[in-house]
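What follows is a short report on a single structure.
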């Protein structure tokens with residue numbers, strides 16, 4: 067947006083721990099700034115130090131309260147902490163809403179904590195593309211731990227948190243029957259289950275349902291298997307948070323021992339590189355012109371909508387045109 | 067999977083209204099069968115007849131019950147109805163869970179209703195790629211109305227239902243504060259809000275919250291504006307369902323009058339063609355070999371994870387290699 071951004075200076079300041087520089091860099095990512103290449107190049111050597119914890123769960127289970135409690139506990143342990151709250155794009159609000167951030171106020175003045183909501187402008191691939199880049203900023207800024215909290219519960223959101231070193235899935239009693247939770251597709255990605263609001267009626271039932279669902283889904287696979295523990299918390303009072311941290315540490319040790327940590331970080335890098343490449347290709351598809359220099363995609367889509375062309379043939383035409391003039395258009 | 071599938075025969079039978087043929091065709095889509103090109107070509111001439119209604123909302127608001135009640139009402143009006151319940155992929159269950167389908171049992175023996183859960187195998191672009199193709203099957207099978215219900219509430223899910231002719235967003239009283247709902251990014255895509263379970267305490271508060279959030283988000287845009295109505299229902303007793311259908315009809319008329327219907331169907335076709343093209347390109351990226359004939363992406367990602375390469379440069383290498391040998395690999 068602002069061409070005079072001094073990327074090298076911003077990165078140096080972020081590495082020096084200046085929150086405004088961290089915020090500016092993440093804004094460049096949100097805005098899909100053309101300067102991102104420079105940012106990525108400057109950050110690359112400092113990647114891969116932070117421990118990345120993913121946190122997801124249905125609305126109302128207390129994700130933000132839990133994140134805040136985890137931040138407090140990690141701070142007591144002397145860790146520098148980054149929080150990345152990934153919100154779906156909102157054309158209305160321009161992104162993040164205020165509600166959650168209020169709950170995080172207690173950490174607002176702590177220089178050892180970066181808290182950042184990130185909107186992703188709603189284009190497909192948005193979360194997959196932007197989250198790892200924002201992680202890299204917090205990583206380079208010296209965070210020992212980065213918590214990635216997703217606000218929605220959908221395919222993209224689950225995929226994003228599942229790329230963390232350790233993924234926490236939060237549930238709460240009385241959230242409707244177990245099927246509702248299982249449907250969200252989040253059971254499979256959990257390294258640790260957290261049943262929050264565990265002072266409420268129905269906690270034991272939720273734990274039982276969860277154990278049953280886990281048992282249903284368990285498959286025999288070769289090699290060592292991590293069995294996701296179930297931890298009960300009352301995040302609003304900080305209860306059980308140390309147990310969550312202990313479970314995270316145990317999972318981290320397990321992964322290190324079994325080579326899984328390296329594999330996950332490899333997968334995360336693959337997802338990041340692929341997402342950037344796919345976005346580049348998607349942009350090029352949108353840039354393709356037909357012989358009359360009109361935009362090709364809408365014209366092809368019009369014929370598809372009218373039943374005159376099938377969508378595969380239309381896609382073939384686009385992909386072939388990309389091969390022909392993909393390098394001319396850029 | 068089964069190379070001996072006779073696609074032309076299946077499509078003819080689906081058009082003839084045979085439910086097993088419809089189910090087989092949708093399974094081919096779920097499985098990303100290589101025969102899909104033939105399916106798409108055979109279905110293309112019969113596209114664009116069905117009215118497509120999207121339905122989303124947080125877990126526990128009664129989406130399945132509402133869908134079932136809408137199906138019953140549409141059947142009474144003599145319509146043939148398709149239901150597509152889009153579930154995130156579940157490596158555990160192999161896709162759809164049983165819970166919802168039980169609620170749909172009452173329609174199981176009705177030959178005028180097709181009900182289909184669809185899993186999308188969790189690859190990025192899964193929903194965007196598979197949903198329009200499955201819609202096309204139900205469309206060609208003679209459904210007057212297709213209801214697309216998404217189970218998750220995330221970026222991809224919201225994008226998928228927002229491509230419908232009319233998008234219903236379901237809420238319920240006591241689902242937590244309004245912010246929880248707004249965060250899911252679903253307010254913006256609603257053509258009609260449905261407050262279900264409207265016999266419960268807190269209904270009027272939910273309606274007020276909703277009106278307030280809508281007023282916050284309203285922007286002055288040029289041209290005619292559709293103001294999303296709020297309809298109260300008790301879907302389990304069928305109450306208010308006729309009001310929902312009336313609101314859908316009103317929205318449909320409004321869109322037809324203002325050229326919006328054609329625009330939405332054009333956008334849906336664009337999204338479909340783009341998703342197919344992007345998936346093709348993504349597959350080709352995965353097929354790229356380096357000079358030692360190793361898979362290029364994992365090797366590049368390894369260097370990115372180690373901080374030796376930045377992800378943009380890695381992506382550039384992939385995209386350049388695609389331009390070089392993209393046409394050789396296929």
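Residue numbers (our numbering), protein chains in the order written: chain Y, 67 to 396; chain L, 67 to 396.
From the three backbone atoms N, C-alpha and C, an ideal C-beta is built for every residue, glycine too.
Just checking: is the beta-carbon of residue i within a distance shorter than 7 Å of some beta-carbon in chain L?
| i | result |
| --- | --- |
| residue 240 of chain Y | no |
| residue 376 of chain Y | yes |
| residue 314 of chain Y | no |
| residue 347 of chain Y | yes |
| residue 260 of chain Y | no |
| residue 332 of chain Y | yes |
| residue 201 of chain Y | no |
| residue 336 of chain Y | yes |
| residue 114 of chain Y | yes |
| residue 266 of chain Y | no |
| residue 81 of chain Y | no |
| residue 274 of chain Y | no |
| residue 70 of chain Y | no |
| residue 339 of chain Y | yes |
Quick one: is residue i near chain Y, going by C-beta distance under 7 Å?
| i | result |
| --- | --- |
| residue 329 of chain L | no |
| residue 322 of chain L | no |
| residue 111 of chain L | yes |
| residue 342 of chain L | yes |
| residue 78 of chain L | no |
| residue 87 of chain L | no |
| residue 381 of chain L | yes |
| residue 107 of chain L | yes |
| residue 351 of chain L | yes |
| residue 193 of chain L | yes |
| residue 103 of chain L | yes |
Pull up the DSSP beta-bridge partners for residue i, would you.
| i | result |
| --- | --- |
| residue 355 of chain Y | Y:361 |
| residue 151 of chain L | L:183, L:215 |
| residue 112 of chain Y | Answer by DSSP bridge pairing: none, since residue 112 of chain Y is not bridged. |
| residue 277 of chain Y | Paired residue(s): none; residue 277 of chain Y is not in a bridge. |
| residue 300 of chain L | L:305 |
Mapping the DSSP letters down to three states, classify residue i as helix, strand or coil.
| i | result |
| --- | --- |
| residue 269 of chain Y | helix |
| residue 121 of chain L | strand |
| residue 305 of chain Y | strand |
| residue 261 of chain L | strand |
| residue 166 of chain L | Its pLDDT being 44, under 50, residue 166 of chain L is placed unreliably by the model, and the measurement read from it follows with that caveat. Three-state DSSP puts residue 166 of chain L in a helix. |
| residue 233 of chain Y | strand |
| residue 129 of chain L | helix |
| residue 95 of chain L | helix |
| residue 310 of chain L | helix |
| residue 16 of chain L | Outside the displayed span of chain L (67 to 396) sits residue 16 of chain L, for which this structure offers no information. |
| residue 255 of chain Y | coil |
| residue 188 of chain L | For residue 188 of chain L, the predicted model reports a pLDDT of 49, less than 50, meaning its position is unreliable and no value from the coordinates is stated. |
| residue 324 of chain Y | coil |
| residue 81 of chain Y | helix |
| residue 384 of chain L | helix |
| residue 245 of chain L | With a pLDDT of only 49 at residue 245 of chain L, under 50, the local geometry of the prediction cannot be trusted, and no value is derived from it. |
| residue 375 of chain L | coil |
| residue 369 of chain Y | helix |
| residue 343 of chain L | helix |
| residue 443 of chain Y | Because chain Y spans 67 through 396 in this model, residue 443 of chain Y falls outside it and cannot be assessed. |
| residue 176 of chain Y | coil |
| residue 389 of chain Y | helix |
Spatial neighbours of residue i within its chain, please: C-beta separation below 6 Å, excluding the five flanking residues on both sides.
| i | result |
| --- | --- |
| residue 314 of chain L | 232 |
| residue 292 of chain L | 320 |
| residue 104 of chain L | 73 |
| residue 145 of chain Y | 210, 211 |
Give every residue of the same chain whose Cβ lies closer than 7 Å to the Cβ of residue i, excluding the five residues on either side of it in the sequence, and list them in chain order.
| i | result |
| --- | --- |
| residue 360 of chain Y | none |
| residue 85 of chain L | 180 |
| residue 272 of chain Y | 237, 239, 261 |
Counting only the same chain and skipping the five closest in sequence on each side, list residues whose C-beta sits under 8 Å from that of residue i.
| i | result |
| --- | --- |
| residue 384 of chain Y | 351, 354, 362, 363, 366 |
| residue 176 of chain Y | 141 |
| residue 405 of chain L | Shown here, chain L extends from 67 to 396; a query on residue 405 of chain L therefore has no answer. |
So residue i contacts chain A; which residues on that side make the cut at Cβ distance below 7 Å?
| i | result |
| --- | --- |
| residue 385 of chain L | Of the chains in the structure shown, none is chain A; the protein chains are Y and L. |
Checklist entry - In chain order, what residues of the stretch 207–232 of chain Y put their CB closer than 9 Å to some CB of chain L? => result 216, 217, 218, 219, 220, 221, 222, 223, 224, 225
Item to check | Residues of the stretch 123–152 of chain Y whose Cβ lies closer than 7 Å to any Cβ of chain L, in chain order | outcome: 124, 125, 126
Item to check | Contacting positions in the stretch 362–373 of chain Y - beta carbon closer than 9 Å to chain L | outcome: 363, 364, 366, 367, 368, 369, 370, 371, 372, 373
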